[in-house]
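For reference, the structure is listed below as structure tokens.
There are 2 protein chains.
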Amino acid sequence: MASDLRPPEHQVAGHRSSADKLGPLVDGEGLFYKPLQAGERGEHEAAFYAAFTAHPAVPPRVRGAFFPRFHGTRFLPAPASPGGAPYPHIVLDDLLAGLPSPCVADVKIGACTWPPRSPDPYVAKCLAKDRETTSALLGFRVSGVRVVDARGGAVWRPDRSELKGIDAAGVRRVLRRYVSTGGGDGLDCALAAAVYGGEGGVLAQLRELKAWFEEQTLYHFYSASILFGYDANAAAAAAPGGGSGGVRVKLVDFAHVDDGDGVIDHNFLGGLCSLIKFIGDIVAEVQHCVLANVTHNKVPSNGERVNCLKEETSPSCR
Amino acid sequence: MASDLRPPEHQVAGHRSSADKLGPLVDGEGLFYKPLQAGERGEHEAAFYAAFTAHPAVPPRVRGAFFPRFHGTRFLPAPASPGGAPYPHIVLDDLLAGLPSPCVADVKIGACTWPPRSPDPYVAKCLAKDRETTSALLGFRVSGVRVVDARGGAVWRPDRSELKGIDAAGVRRVLRRYVSTGGGDGLDCALAAAVYGGEGGVLAQLRELKAWFEEQTLYHFYSASILFGYDANAAAAAAPGGGSGGVRVKLVDFAHVDDGDGVIDHNFLGGLCSLIKFIGDIVAEVQHCVLANVTHNKVPSNGERVNCLKEETSPSCR
Numbered sequence: 001m002a003s004d005l006r007p008p009e010h011q012v013a014g015h016r017s018s019a020d021k022l023g024p025l026v027d028g029e030g031l032f033y034k035p036l037q038a039g040e041r042g043e044h045e046a047a048f049y050a051a052f053t054a055h056p057a058v059p060p061r062v063r064g065a066f067f068p069r070f071h072g073t074r075f076l077p078a079p080a081s082p083g084g085a086p087y088p089h090i091v092l093d094d095l096l097a098g099l100p101s102p103c104v105a106d107v108k109i110g111a112c113t114w115p116p117r118s119p120d121p122y123v124a125k126c127l128a129k130d131r132e133t134t135s136a137l138l139g140f141r142v143s144g145v146r147v148v149d150a151r152g153g154a155v156w157r158p159d160r161s162e163l164k165g166i167d168a169a170g171v172r173r174v175l176r177r178y179v180s181t182g183g184g185d186g187l188d189c190a191l192a193a194a195v196y197g198g199e200g201g202v203l204a205q206l207r208e209l210k211a212w213f214e215e216q217t218l219y220h221f222y223s224a225s226i227l228f229g230y231d232a233n234a235a236a237a238a239a240p241g242g243g244s245g246g247v248r249v250k251l252v253d254f255a256h257v258d259d260g261d262g263v264i265d266h267n268f269l270g271g272l273c274s275l276i277k278f279i280g281d282i283v284a285e286v287q288h289c290v291l292a293n294v295t296h297n298k299v300p301s302n303g304e305r306v307n308c309l310k311e312e313t314s315p316s317c318r
Numbered sequence: 001m002a003s004d005l006r007p008p009e010h011q012v013a014g015h016r017s018s019a020d021k022l023g024p025l026v027d028g029e030g031l032f033y034k035p036l037q038a039g040e041r042g043e044h045e046a047a048f049y050a051a052f053t054a055h056p057a058v059p060p061r062v063r064g065a066f067f068p069r070f071h072g073t074r075f076l077p078a079p080a081s082p083g084g085a086p087y088p089h090i091v092l093d094d095l096l097a098g099l100p101s102p103c104v105a106d107v108k109i110g111a112c113t114w115p116p117r118s119p120d121p122y123v124a125k126c127l128a129k130d131r132e133t134t135s136a137l138l139g140f141r142v143s144g145v146r147v148v149d150a151r152g153g154a155v156w157r158p159d160r161s162e163l164k165g166i167d168a169a170g171v172r173r174v175l176r177r178y179v180s181t182g183g184g185d186g187l188d189c190a191l192a193a194a195v196y197g198g199e200g201g202v203l204a205q206l207r208e209l210k211a212w213f214e215e216q217t218l219y220h221f222y223s224a225s226i227l228f229g230y231d232a233n234a235a236a237a238a239a240p241g242g243g244s245g246g247v248r249v250k251l252v253d254f255a256h257v258d259d260g261d262g263v264i265d266h267n268f269l270g271g272l273c274s275l276i277k278f279i280g281d282i283v284a285e286v287q288h289c290v291l292a293n294v295t296h297n298k299v300p301s302n303g304e305r306v307n308c309l310k311e312e313t314s315p316s317c318r
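Protein chains in written order, with the UniProt record's numbering: chain A, 1 to 318; chain B, 1 to 318.
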């Protein structure tokens with residue numbers, strides 16, 4: 001199995017693997033190998049996975065639906081070390097396994113990315129980044145995104161510096177483009193109902209996660225991300241009613257998880273609610289446009305295209 | 001009316017008025033006069049009240065239930081100025097008017113008390129205080145509290161330095177003591193059901209407020225507080241089922257309110273959810289104890305006092 005190891009094609013955030021650099025690997029059989037991060041972080045993340053997996057107070061439904069399954073740690077040859085001395089990796093489910101044309105977004109949740117008891121220099125570094133990016137203002141930032149067009153296979157994958165500089169309007173555009181098929185200006189939101197909406201869609205999953213965060217006082221997930229994944233072809237083929245696109249919503253990156261000590265993770269919860277509002281607005285807008293077009297199409301018989309009432313403010317109405 | 005002006009007896013946070021110092025005043029007829037804060041803050045707060053009062057997107061129910069009514073600004077003689085030169089005051093409803101034995105708590109909401117676009121020295125100052133107090137860790141801090149015992153009139157009013165040093169356990173104790181009648185160690189939680197629980201209680205009101213904060217994108221309430229007020233006698237006389245104690249839950253202190261610009265106030269919302277969890281835990285514990293005592297009292301007939309199952313962890317069970 002180890003001979004099939006290769007860097008994941010669809011990684012959108014974090015360190016990348018190369019011939020002489022450690023980075024995550026996948027084995028093509030559904031497993032994802034994440035090299036332990038330097039210092040205490042890697043140990044801390046592995047310890048979190050071990051404890052979380054066994055914690056009796058974590059509802060099995062939450063663990064199964066929103067977290068990658070943990071398969072322990074394993075030593076793999078490290079590319080740059082002489083003779084490939086083995087390096088420890090956390091073994092997880094590959095969250096994008098089985099998606100032929102995966103569209104991925106990595107959203108780091110929380111206005112504050114540092115645990116309150118961190119040393120001052122680390123606080124200063126994180127705080128500067130939280131204020132430069134949208135974290136402080138929106139309660140989250142988009143760390144990576146990859147959209148593949150089901151029809152042509154064209155890929156949109158903004159680089160990190162591009163994402164780092166965006167503001168609230170930029171985040172709205174990215175979240176729209178993540179569910180667009182690339183027609184027109186790439187903001188058609190053609191897959192919004194299938195991916196964000198409906199029973200199994202992103203919005204419903206985020207709301208279920210939110211209900212847990214309103215109660216859980218076990219962990220504070222500083223600097224963790226929510227990873228979204230869907231298959232471009234499956235989403236395009238899904239019923240327009242939404243939700244059947246097989247969308248995945250998972251928490252990842254637990255190197256800075258802190259004990260909750262009986263207090264809810266208000267920082268993660270606040271950012272999650274903000275993200276829910278952003279995505280909910282897109283779903284509402286698309287529903288409004290569908291409704292407006294249906295209504296309008298029934299009225300005029302001259303074949304003229306009728307514009308949506310909200311067209312000025314809503315690029316998804318066309 | 002101006003001749004009746006006097007410092008409020010029951011103020012628990014903020015600058016106090018004295019013979020030679022500006023501070024809030026009440027007129028005994030239901031109005032509260034808050035001197036404009038120095039610099040831009042006072043003007044900013046007055047402008048907020050004027051805009052908020054007239055904003056068509058603020059639901060009248062939210063404005064009426066959770067905000068003091070604004071009666072404009074008025075010039076009043078300033079104590080320390082030569083000849084008492086007039087100084088501008090914001091005129092508001094006195095939130096404690098009509099409560100003969102008011103019990104008050106001022107809880108500053110939000111892990112972060114500075115707007116994201118603040119100058120660096122202000123950020124550094126606020127951040128230090130947010131980390132010293134419970135703000136960063138719990139998403140709120142208790143800024144002031146005053147409890148009067150309905151039976152004897154004894155008052156508990158910890159000073160600011162005492163409140164500044166408390167941790168999560170200390171916050172739990174303060175929130176318990178706020179609804180206790182002073183029997184035993186002062187943590188009997190005898191009024192918890194009447195004040196925190198039931199239909200019109202604190203918990204129900206906070207949940208209604210939360211629903212608005214999940215949607216509203218008009219304002220970000222940095223450094224604002226929620227003020228709780230109830231009358232010790234009315235609460236003691238209220239039905240034990242809860243909620244009929246005439247509890248008041250109001251937002252105050254708007255010198256650092258920022259425009260929402262289409263984004264929810266994730267910082268306030270997160271802290272509010274954390275406070276809801278703290279208070280919800282107390283209500284659940286008290287309900288549990290009542291239930292346990294009722295159940296136990298029915299079983300044994302030897303007159304022995306039966307302890308509550310949760311007694312070890314819950315001081316309110318006795």
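We treat Cβ as the ideally placed atom computed from N, Cα and C, and that holds for glycine.
Quiz item: Would Tyr196 (chain A) be called buried (16 or more neighbouring beta carbons within 10 Å of its own) or exposed?
Solution: Result: buried.
Quiz item: Under the rule that 16 or more other beta-carbon atoms within 10 Å means buried, what is Ala211 (chain B), buried or exposed?
Solution: Exposed, since its Cβ has fewer than 16 Cβ neighbours within 10 Å.
Quiz item: Sorted by chain position, which residues of the same chain lie with C-beta nearer than 7 Å to Gln11 (chain B)'s C-beta, five sequence neighbours on each side aside?
Solution: Cβ neighbours of Gln11 (chain B) beyond the five flanking positions: Pro24.
Quiz item: To the nearest angstrom, how far is it from the Cα of Phe268 (chain B) to the Cα of Thr134 (chain A)?
Solution: Going by C-alpha positions, Phe268 (chain B) is about 17 Å away from Thr134 (chain A).
Quiz item: Using a Cβ-Cβ distance under 9 Å, would Asp20 (chain A) count as near chain B?
Solution: The Cβ of Asp20 (chain A) sits no closer than 9 Å to any Cβ of chain B.
Quiz item: Is the Cβ of Arg141 (chain A) closer than 9 Å to any Cβ of chain B?
Solution: No, its Cβ sits nowhere closer than 9 Å to a Cβ of chain B.
Quiz item: Which residues in the same chain have their Cβ closer than 6 Å to the Cβ of Leu5 (chain B), if we skip the five residues on either side of it in sequence?
Solution: Scanning its chain for C-beta atoms nearer than 6 Å, with the 5 sequence neighbours on each side dropped, one finds around Leu5 (chain B) the residues Leu25, Asp27, in chain order.
Self-check item: Residue of B:Asp188, B:Leu227, B:Gln205, B:His220 minimising C-alpha distance to Ala236 (chain B)
Solution: Nearest option by C-alpha distance: B:Asp188.
Quiz item: Roughly how many angstroms separate the alpha carbons of Ser143 (chain B) and Glu9 (chain A), rounded to a whole number?
Solution: CA-CA distance, Ser143 (chain B) to Glu9 (chain A), rounds to 52 Å.
Self-check item: Interface residues of chain A facing residue 327 (chain B) [CB-CB closer than 7 Å]
Solution: The requested residue 327 (chain B) is not part of the displayed model; chain B covers only 1 to 318.
Quiz item: Going along the chain, which residues of its own chain have a beta-carbon closer than 8 Å to the beta-carbon of Lys129 (chain B), five neighbours each way excluded?
Solution: Only Thr113, Ser135 meet the Cβ criterion.
Practice problem: Step through the CB atoms of chain A and report whether any lies within less than 9 Å of the CB of Gly270 (chain B). | Solution: Taking Cβ atoms only, chain A reaches closer than 9 Å to Gly270 (chain B), which makes this a yes.
Quiz prompt | Closest Cα partner of Val58 (chain B) within the set B:Phe254, B:Glu215, B:Ile276 | solution = Looking at the Cα atoms, B:Glu215 is the closest of the given residues.
Quiz item: Which partner residues does Phe10 (chain B) have in the DSSP bridge list?
Solution: For clarity, residue 10 (chain B) is His in the given sequence; the question names Phe instead. Residue pairing by DSSP places His10 (chain B) in no beta bridge whatsoever.
Quiz item: At a CB-CB cut-off below 7 Å, which residues of chain B make contact with Glu214 (chain A)?
Solution: For Glu214 (chain A), the residues of chain B that pass the 7 Å Cβ criterion are Cys273, in the order they occur in the chain.
Quiz item: Could you give the residue range of the beta strand (DSSP E) that holds Gly246 (chain B)?
Solution: Taken as a continuous stretch (DSSP letters only), Gly246 (chain B) belongs to no beta strand (DSSP E), as it is neither H nor E.
Practice problem: Just mark Arg160 (chain A) as buried or exposed, buried being the case when its beta carbon has 16 or more other beta carbons within 10 Å. | Solution: Burial is judged here by how many other beta carbons sit within 10 angstroms of a residue's own beta carbon; Arg160 (chain A) has fewer than 16 and is exposed.
Quiz item: Among all the DSSP beta bridges, which residues are the ones paired with Ser18 (chain B)?
Solution: In DSSP, Ser18 (chain B) forms a bridge with B:Lys21.
Quiz item: If you draw a straight line from the C-alpha of Phe278 (chain A) to the C-alpha of Ala105 (chain A), how long is it?
Solution: If I take the Cα positions, the gap works out to 14 Å.
Quiz item: Quick one: which chain A residues come within Cβ less than 7 Å of Pro116 (chain B)?
Solution: By Cβ distance, chain A contributes Arg131, Ala136, Leu137.
Self-check item: Run of the beta strand (DSSP E) containing Phe140 (chain A), from where it starts to where it stops
Solution: For Phe140 (chain A), the uninterrupted beta strand (DSSP E) run begins and ends at 140-148, by DSSP.
Practice problem: Less than 8 Å between the CB atoms is what I'm expecting for Leu92 (chain B) and Arg69 (chain B), so what's the real figure, rounded? | Solution: That belief holds up - the Cβ atoms of Leu92 (chain B) and Arg69 (chain B) are roughly 7 Å apart, short of 8 Å.
Quiz item: Is the Cβ of Thr181 (chain A) closer than 9 Å to any Cβ of chain B?
Solution: Not one beta carbon of chain B lies nearer than 9 Å to the beta carbon of Thr181 (chain A).
Practice problem: Find out if the Cβ-Cβ distance for the pair Gly271 (chain B), Gly110 (chain B) is shorter than 9 Å. | Solution: Yes.
Practice problem: Please report the Cβ distance between Val247 (chain B) and His220 (chain B), rounded to the nearest whole angstrom; I am assuming they are in contact, meaning their Cβ atoms lie under 8 Å. | Solution: For a cut-off of 8 Å, the C-beta gap from Val247 (chain B) to His220 (chain B) is around 26 Å, too long to register as a contact.
Quiz item: The alpha helix (DSSP H) spanning Leu209 (chain B) covers which residue range?
Solution: For Leu209 (chain B), the enclosing alpha helix (DSSP H) stretches over residues 202-213.
Practice problem: Measure the Cβ-Cβ separation of Val249 (chain A) and Val179 (chain A) and say whether it is below 9 Å. | Solution: Val249 (chain A) places its beta carbon 9 Å or farther from that of Val179 (chain A).
Quiz item: Can you tell me where the alpha helix (DSSP H) with Cys103 (chain A) in it begins and where it stops?
Solution: Here Cys103 (chain A) belongs to no alpha helix (DSSP H); instead the beta strand (DSSP E) covers 102-109.
Exercise. Tell me where the alpha helix (DSSP H) around Leu127 (chain B) begins and ends.
Key: For Leu127 (chain B), the enclosing alpha helix (DSSP H) covers residues 120-132.
Quiz item: Ala168 (chain B) touches chain A at which residues, Cβ-Cβ below 8 Å?
Solution: Correct list: Asp261, Gly262, Val263.
Quiz item: In terms of DSSP beta bridges, what is Pro77 (chain B) paired with?
Solution: BP columns for Pro77 (chain B) point to B:Pro86.
Quiz item: According to DSSP, is Asp4 (chain A) helix, strand or coil?
Solution: DSSP places Asp4 (chain A) in helix when its eight states are reduced to three.
Quiz item: Cys112 (chain A) touches chain B at which residues, Cβ-Cβ below 8 Å?
Solution: Residues of chain B passing the Cβ test: Ala111, Cys112, Ala136.
Self-check item: Beta-carbon gap between Asp20 (chain B) and Pro60 (chain B) smaller than 9 Å
Solution: Taking 9 Å as the Cβ cut-off, Asp20 (chain B) and Pro60 (chain B) do not qualify as a contacting pair.
Quiz item: Given that Lys277 (chain B) touches chain A, what residues does it touch there, using C-beta distances under 8 Å?
Solution: Chain A residues near Lys277 (chain B): Glu214, Glu215, Thr217, Val263, Ile264.
Exercise. Go ahead and label Ser223 (chain B) buried or exposed: buried means 16 or more other beta carbons lie within 10 angstroms of its beta carbon, across all protein chains shown.
Key: Answer is buried; the Cβ neighbour count reaches 16.
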